[in-house]
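For the sequence shown, my numbering gives the first residue as 438, with consecutive numbering after it.
What follows is one structure encoded as structure tokens, with my remarks underneath.
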Amino acid sequence: MNTKSIQVRLGSDINRTYSVLIGSGLFDILAERLAGYSDIYRFALISDKSVADMFAEPLMRALREKNLDVESLAFPTGEEHKNQATKTLLDSELLKRGFGRDSMIIALGGGVSGDMAGFVAATYMRGIPYVHVPTTFLSMVDSSIGGKTGVNTAYGKNLIGAYHQPRLVLQDLKMLKDLPEHQMVNGLFEAIKMFCTSDADMFAYVRDNREALFAKDQTVLLRIVEGAVKIKAGIVSMDERESNERMLLNFGHTIGHALELLSDYRIPHGYAVACGMIAETKMAELAGIAEPGLTTQIKELLVSCGLDTEPLSLFNPEDVLSATAKDKKTRKAVVRYIQLERIGEPHRADEAYAVPVDGNIALKALKELKS
């Protein structure tokens, strides 16, 4: 398999452009890249304990073969540990081991590890560089790109964090070999989200290649990961700090984050977002923004890929809407949503992609989906 390289270009400063490498068996390539960083003296590999048990040793072996000074730090597995307490423990451990400003963090893992390790890198000694090696389908297609880092709080997800772009992202499809199907589905929903807003052809490609994807056909995997990465890289290059275009990546997330919060994060992120996509498209249909039947079109693909829509029936619609109040897209206490007109064509109002939805329409949509 040929290694693909996609550039994330952030403004005119070439030093802020970084590569996303996609291929198979890339640990040696990573070691070569890291060995070429003349400004880095030591490396701290940060992952959760489950990921560390699977991948830390072979990765560290590849790095040490290049005479790199690398140590591993692992924190407890699970979204519930993506918090300020865990970050403080990691910060303290780095200080205890004597890591300086000439150090680099290697974020190894899915979204939780990436967000946590990236946030540590953003603040440790006022900021040190990091690279991300995602190990899940979800983190490959989405969270490893764009520099969003942070932790959860009792008030919601990712409310404390920073934008801190990686120096390199390395996506080794070989690491998906033993990934359980429910985690493949979890990531696929985020890819479908991007295809809904930005690429009708890739939406159709997923529909036509579901079986090959779940069989982990490398050609199909590469096509879907590459398609999603190109979309996200392009959007992040236009709008690093989420002032407008990057809001598109939040399609389904307003309701999705509310469902996660109400379930105490028992609903996996991708599944919650998929339910959010259905709910938010239903709102757009009821408002006359989306073409008739769009909700059904999206729901049919998501269900065929493994979505159980039960979360839309678990909670009172009023509670779901209340839980959206702390969404990061909220402005002047008005909750905003990403709305589609059709597949690949998002709605804009006054040039903005995140738009308010009448509360009665939002409530009606959730009630209809609950029944």
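C-beta atoms are modelled at their ideal positions from N, C-alpha and C, and glycine is treated no differently.
State the Cα-Cα distance for the pair residue i and residue j, rounded to the nearest angstrom.
i           : j           : result
residue 459 : residue 658 : 10 Å
residue 537 : residue 554 : 16 Å
residue 493 : residue 545 : 8 Å
residue 570 : residue 584 : 13 Å
residue 540 : residue 486 : 22 Å
residue 568 : residue 725 : 44 Å
residue 767 : residue 754 : 18 Å
residue 718 : residue 562 : 44 Å
residue 439 : residue 716 : 39 Å
residue 514 : residue 705 : 14 Å
residue 656 : residue 646 : 11 Å
residue 671 : residue 588 : 25 Å
residue 500 : residue 509 : 12 Å
residue 524 : residue 447 : 27 Å
residue 722 : residue 791 : 16 Å
residue 793 : residue 674 : 25 Å
residue 482 : residue 507 : 7 Å
residue 627 : residue 710 : 7 Å
Should residue i go down as buried or exposed, given a rule of 16 or more other Cβ atoms within 10 Å for buried?
i           : result
residue 504 : exposed
residue 652 : exposed
residue 733 : exposed
residue 619 : exposed
residue 529 : exposed
residue 564 : exposed
residue 638 : exposed
residue 579 : buried
residue 534 : exposed
residue 693 : buried
residue 796 : exposed
residue 490 : exposed
residue 707 : buried
Mind checking which residues open and close the alpha helix (DSSP H) that includes residue i?
i           : result
residue 578 : Run containing residue 578: none; DSSP gives neither H nor E here.
residue 623 : 618 to 635
residue 734 : 731 to 741
residue 710 : 706 to 723
Could you give the DSSP three-state label for residue i: helix, strand or coil?
i           : result
residue 772 : coil
residue 754 : helix
residue 654 : coil
residue 684 : helix
residue 471 : helix
residue 597 : strand
residue 573 : coil
residue 609 : strand
residue 553 : helix
residue 439 : coil
Terminal residues of the continuous beta strand (DSSP E) containing residue i?
i           : result
residue 459 : 455 to 460
residue 463 : Premise fails: residue 463 is in no beta strand (DSSP E) and is neither H nor E.
residue 589 : 585 to 590
residue 546 : 540 to 546
residue 791 : 791 to 793
*Contained alpha helix (DSSP H) runs [length at least 4] in the region 480 to 522, N- to C-terminal order*: Those alpha helix (DSSP H) runs which fall completely within the region 480 to 522 and span 4+ residues are 494 to 501.
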